[in-house]
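Notes to accompany the following structure.
Numbering (my numbering), first residue to last: 960 to 1131.
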């Protein structure tokens, strides 16, 4: 095992983790109420130094964000998967060219979609043909968020977390 190369997250229904050892990357999903884990998720992190990782788990979906440093620069890999370990999408982005990946932390999920804060407001990320795309923008949220604003999903909206206040946003 490589130091700082193992991560585990727990959501309300299931958990996700991965570890790296040399060129081997193993990802797994598990349900706390069941014995064992499923380590068949085909996670291809590729080469490079893992700088940071974040994961969002909601319902039966998960999204993994990994920032990697390679000889060609810094890249962000996003992997969408299910509670069963099925790969839905896996893409590598240039964070400098992808506003919703300026920060990999602080995203939230509602249903099958991911929401991220940008300097221009909140965006909804959806999966289309194994690709992750900006499906909708919410420019009216721009006064309340920036790219570093953490978002939390609530039953009555999305909450934007700032240093001095928490703002409930209802977007449609």
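The beta carbon of each residue, even a glycine, is placed where N, CA and C say it ideally should be.
Inset, instruction - Determine the DSSP secondary structure at residue 975, reduced to helix, strand or coil. - result: The count along the chain shown starts at 1 and reaches residue 975 at position 16. DSSP, read as helix, strand or coil, puts residue 975 in strand.
Legend entry - Residues that residue 1034 bridges to, as DSSP identifies them: As a first step, residue 1034 is located in the chain shown; it is residue number 75 there, counting from the start. DSSP lists 1027 as partners of residue 1034.
Inset, instruction - Measure the Cβ-Cβ separation of residue 973 and residue 1000 and say whether it is below 7 Å. - result: In the chain shown, the residue the question calls residue 973 occupies position 14. In the chain shown, the residue the question calls residue 1000 occupies position 41. Their beta carbons are not under 7 Å apart, which means residue 973 does not touch residue 1000 by this criterion.
Inset, instruction - With distances taken Cα to Cα, identify the nearest neighbour of residue 1120 among 1030, 1010, 1081. - result: Residue numbering aside, residue 1120 sits at position 161 when the chain shown is read from its first letter. Ranking the options by Cα distance to residue 1120, first place goes to 1081.
Legend entry - Any 3 or more C-beta pairs closer than 8 Å across the stretch 992-999 and the stretch 1053-1066: no
Legend entry - Pick from 1047, 1046, 977 that is closest to residue 1025, judged by C-alpha positions: The residue you call residue 1025 lines up with position 66 of the chain shown. For the options 1047, 1046, 977, the alpha carbon positioned closest to that of residue 1025 is the one of 977.
Legend entry - From 1066, 966, 975, 1125, residue whose alpha carbon lies closest to that of residue 1169: Nothing about residue 1169 can be reported from this structure: the residues present for the chain run from 960 to 1131 only.
Legend entry - Helix, strand or coil at residue 1129 [DSSP, three-state]: Start at 1 with the first residue of the chain shown, and residue 1129 comes out as number 170. In this structure, residue 1129 counts as coil in the three-state DSSP scheme.
Legend entry - In DSSP terms, what residue 1062 is bridged to: The sequence position of residue 1062 within the chain shown is 103, counting from 1. None, per the DSSP bridge assignment.
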